[in-house]
Amino acid sequence: MAERRRARVERTRYTALAQAQAVQTFDYYGPMLRTSRLASPLLLVAAAALAMFTAPAWATVPADAGPDASKTLQAAEKAEAVSAAATAELFYEVLVGELAVGGGDPGQGYALMLDAARRSHSSELYRRATEIALQSRSAQSALTAAQAWHQADPESRDANRFVLRILVALNRIQDSSEPLARELANAPEGSKIAVINAIPLLYAHASDKELAARVVEAALTELQDQPATSANAWTTTGRMRLAAGDKPGALVAARLAHKMDPANDAMAAFVLQLLDEKVTEAEPLLKPYLDEHPLAEVRLGYARYLSETSQYDKALVQMRTVTSEQPDNAQAWLLQSTLELQAGKVDAAETTLNHFAELYQQLPASEQVQAQTRQMYLLRSEIAQSRGDLKQAEHWLSLTDEDGTRLNVQTRRALLLVRQGRLGEALALVRNMPAADDKQAADKLQSEAIVLREAGQIDRAYEAQSGAVKLQPDNDDYLYDKAMLAERLGRLDEMERELRSILARNPKNPQALNALGFSLADHNLRLEEAKSLIEQALALAPGDPFITDSLGWVEYRLGHPKRALELLREAMRKQPDPEIAAHLGEVLWKLGEHASARDAWRAGLRLKRDNATLNSTLKRFGVRL
731 MAERRRARVE RTRYTALAQA QAVQTFDYYG PMLRTSRLAS PLLLVAAAAL
781 AMFTAPAWAT VPADAGPDAS KTLQAAEKAE AVSAAATAEL FYEVLVGELA
831 VGGGDPGQGY ALMLDAARRS HSSELYRRAT EIALQSRSAQ SALTAAQAWH
881 QADPESRDAN RFVLRILVAL NRIQDSSEPL ARELANAPEG SKIAVINAIP
931 LLYAHASDKE LAARVVEAAL TELQDQPATS ANAWTTTGRM RLAAGDKPGA
981 LVAARLAHKM DPANDAMAAF VLQLLDEKVT EAEPLLKPYL DEHPLAEVRL
1031 GYARYLSETS QYDKALVQMR TVTSEQPDNA QAWLLQSTLE LQAGKVDAAE
1081 TTLNHFAELY QQLPASEQVQ AQTRQMYLLR SEIAQSRGDL KQAEHWLSLT
1131 DEDGTRLNVQ TRRALLLVRQ GRLGEALALV RNMPAADDKQ AADKLQSEAI
1181 VLREAGQIDR AYEAQSGAVK LQPDNDDYLY DKAMLAERLG RLDEMERELR
1231 SILARNPKNP QALNALGFSL ADHNLRLEEA KSLIEQALAL APGDPFITDS
1281 LGWVEYRLGH PKRALELLRE AMRKQPDPEI AAHLGEVLWK LGEHASARDA
1331 WRAGLRLKRD NATLNSTLKR FGVRL
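Note that this note's numbering has the sequence shown beginning at 731, numbered continuously upward.
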């Protein structure tokens, strides 16, 4: 029962869709730490030193100089000789500094380079001194060089950016406020938006997130009021607040950004981030953006969110829009097929997958294409399985793991063998997988338990699962599955004890909350407590159809059939499932709507004819379909 919910949820989480949220983040600060290692440092520094030579002094003497021209020339020649000597000394110092760095003495090299920079006022030498310090992981020395560079050349954006980056890296967040303000003030209009968007990345590793948020917000105050920058400034403010744990403040910032520019790409990407953080109130902010030809990456990200919250119909709308607007986007077609299959639209999924197959053949070989190919084979296997063609399903699975090293694939193959009555072969397939450590050994036992459970051998499955828990006692997934098997064996006390053990470690585990609540409701025990547990689970996973089903079931047990009917219809609409169909049909039957009940049960049988819950329900009511 409850384990079905977890297995189903896991099946919905195709990694391909999870990879769809590829919204661009500007790495504005990255290039500033590039070193000159692409070419010989000696040659580059030598070139910089040579560039400091001024034109010969005599060349500046006018041709029509007066009687004192000869004296002027003599003075110039003397000055030139002094300059040449100084330049030669400087060049030698730089050369020795580079040799020291190359010889494994970066400290000496840094000192020589910084001294040369101070005497020559050369930005290139200041930069080199800073880079030497950074390469030797001496952040304080790098800061000293960068600050000296900034003092020597206050107008240099490069110098200021080095100072800013190093201060943040040193967690001197308060001290970074001035160089951050300078960077924002001095950024050209054409790149100011990129600078604003990059700030959260710059402060990503700050230890004091709240302080970082305050510093950034203070620096952005004026830009929040300027039409050209306000949406991005508020978006960055929101990201900083969210990083500091201030979800309400982040939502306020997102709404202000949306008010300033509903079509702003950065704002839309931030809304997706809020949705990932369960700030569902942000979702309406996406609608105007999505109506105005948004970035495909944002629409894909929104489809991922909708899928993960089991809103498959809405997710499909977004995916079909992407494939309509970008018919050559192979990845989008693959994701659409995944969603269609998840929604039970098998024929549509196959048609879409065939379209993907035509496109992907034209793609150059890459790791991404290989991953997409494996996903295509998995989907073809699922399609064949849904049609009862187990041999074809096994064939497609075999193509996803030609060398037989992927445990998840071999487990799927083993399940297909079980359904063909070949339990011995199925167990051998799993048991013969290699295991290099306790985690892999536990994974094998987990897979063995899954195979035995499919074969109806619950006692043996429980023993295998218990073995996995012994090897990995802190693994909540293993413990959850053991609890569900204990329930199947009628060991309700053990089931409850294991689930509460999970909740003691993680009180916000929606699967454990839902499983405990549903199990209590299913056995007609402590119904008010069961309802509370399920409501907590639903708050953590809003819209989840299986948790919604659980809530409908407990409402039915509590004697609220109309409310139960509403919830179960919602769950069935979001996720066609035989167990949900069993519950929906039972409620309809109790309400006297026998024809509708039969329709619901028939829908469940079309999904999976041998579902235990559905068949036991039909038997209990004496219904034959």
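Built from N, CA and C at the ideal position, the CB exists for glycine as well.
Quick caveat, the model's predicted, so the values are computed rather than measured.
Original post:
Exposed or buried, what is proline 1237 when buried is set at 16 or more other beta-carbons lying within 10 Å of its beta-carbon?
Top reply: exposed
Subject >> Beta carbon of threonine 965 nearer than 8 Å to that of methionine 997 >> reply: Pairing threonine 965 with methionine 997 gives a Cβ-Cβ distance under 8 Å.
Original post:
Leaving out the 5 sequence neighbours to the left and right, which residues in its chain are closer than 7 Å to aspartate 991 when beta-carbon positions are compared?
Top reply: Same-chain partners within the cutoff: Ala961 and Met997.
Original post:
Which two residues bound the contiguous alpha helix (DSSP H) that contains aspartate 976?
Top reply: It is not in any alpha helix (DSSP H) - aspartate 976 carries neither H nor E in the DSSP assignment.
Original post:
Terminal residues of the continuous alpha helix (DSSP H) containing glycine 1273?
Top reply: That residue, glycine 1273, is in no alpha helix (DSSP H); it is neither H nor E in DSSP.
Subject >> Contained alpha helix (DSSP H) runs [length at least 4] in the segment 927-966, N- to C-terminal order >> reply: 939-950
**OP:** From the DSSP output, in three-state form, read off lysine 1008 for me.
**Re:** coil
**OP:** Taking leucine 1145 as the reference, give the member of Gln1092, Ile1180 and Ala1114 with the closest Cα.
**Re:** Ile1180
Original post:
Taking C-alpha atoms, which residue in Gln1048, Glu861 and Gly1074 lies nearest to alanine 1062?
Top reply: Gln1048
Original post:
Whole-angstrom Cβ separation of serine 1111 and tryptophan 1126, contact assumed at under 8 Å?
Top reply: 4 Å
**OP:** Identify which residue in Leu894, Ser907, Ser886 and Asn901 has its Cα closest to the Cα of proline 918.
**Re:** Ser886
Subject >> threonine 874 (DSSP reduced to helix, strand or coil) >> reply: helix
Original post:
How would you write the range of the alpha helix (DSSP H) that valine 1139 sits in, first residue to last?
Top reply: Counting along the chain, the alpha helix (DSSP H) containing valine 1139 begins and ends at 1137-1149.
Original post:
Cβ of leucine 1263 within 8 Å of Cβ of leucine 1246?
Top reply: For the 8 Å CB-CB criterion, leucine 1263 and leucine 1246 form a contact.
Original post:
Apart from the five residues just before and just after histidine 988, which ones in its own chain have a Cβ nearer than 7 Å to its Cβ?
Top reply: Met997 and Leu1015
Original post:
Would DSSP call glutamate 1022 helix, strand or coil?
Top reply: coil
Subject >> Residues of its chain near proline 792, where Cβ-Cβ distance is below 7 Å and the 5 sequence neighbours each way are ignored >> reply: Reliability of the predicted coordinates at proline 792 is poor, the pLDDT of 41 falling under 50, and the value obtained from them is presented with this limitation in mind. Within the same chain, proline 792 has no close Cβ partners at all.
Original post:
Any idea if alanine 1312 is buried or exposed, counting beta-carbon neighbours within 10 angstroms, 16 or more meaning buried?
Top reply: buried
Original post:
Does the beta-carbon of glycine 839 have 16 or more other beta-carbons within 10 angstroms, so that it is buried, or is it exposed?
Top reply: buried
Original post:
For aspartate 1043, which residues from the same chain have a beta carbon less than 6 Å from its beta carbon, with the 5 sequence-adjacent residues on both sides left out?
Top reply: none
Original post:
Can you tell me the Cα-Cα spacing of leucine 1093 and arginine 858, whole angstroms?
Top reply: 43 Å
Subject >> For valine 1317 and proline 1291, the rounded distance between their alpha carbons >> reply: So the alpha carbons of these two residues sit roughly 6 Å apart.
Subject >> Through-space distance from glutamine 1066 to arginine 1050, alpha-carbon basis >> reply: 7 Å
**OP:** Quick one: give me the first and last residue of the alpha helix (DSSP H) that serine 886 is part of.
**Re:** Looking at the DSSP string, serine 886 is not in any alpha helix (DSSP H), and its letter there is neither H nor E.
**OP:** For glutamate 940, I'd like the list of residues in its chain whose CB is within less than 7 Å of its CB, leaving aside the five on either flank, ordered along the chain.
**Re:** Ala974
Subject >> Beta-carbon spacing of leucine 1356, leucine 1321 below 8 Å >> reply: This structure leaves residue 1356 out entirely; the chain is present only between 731 and 1355.
**OP:** Could I get the ranges of all uninterrupted alpha helix (DSSP H) runs contained in the segment 1024-1065, with 4 residues as the minimum, in chain order?
**Re:** 1026-1038 and 1042-1055
Subject >> Residues near leucine 1201 by beta carbon distance below 8 Å, same chain, minus five either side >> reply: Asp1168, Lys1169, Ala1171, Ala1172 and Leu1175
Original post:
Under a three-way DSSP split, which group does leucine 1229 fall into?
Top reply: helix
Original post:
Is glycine 1289 helix, strand or coil by DSSP?
Top reply: coil
**OP:** Measure from the alpha carbon of leucine 1156 to the alpha carbon of each residue in Thr1130, Pro1018 and Arg1183, then state which is nearest.
**Re:** Looking at the sequence itself, residue 1156 is alanine, so the reference to leucine does not match. Here the closest residue by C-alpha is Arg1183.
Original post:
In whole angstroms, what separates the C-alpha of serine 1096 from that of lysine 1304?
Top reply: 35 Å
Subject >> C-beta contact flag for arginine 730 and aspartate 1206 at 8 Å >> reply: The chain is shown from 731 up to 1355; residue 730 falls before or after that span and cannot be answered.
**OP:** Could you check if aspartate 995 is buried or exposed, using at least 16 other CB atoms within 10 Å of its CB as the buried criterion?
**Re:** Aspartate 995 should be labelled buried.
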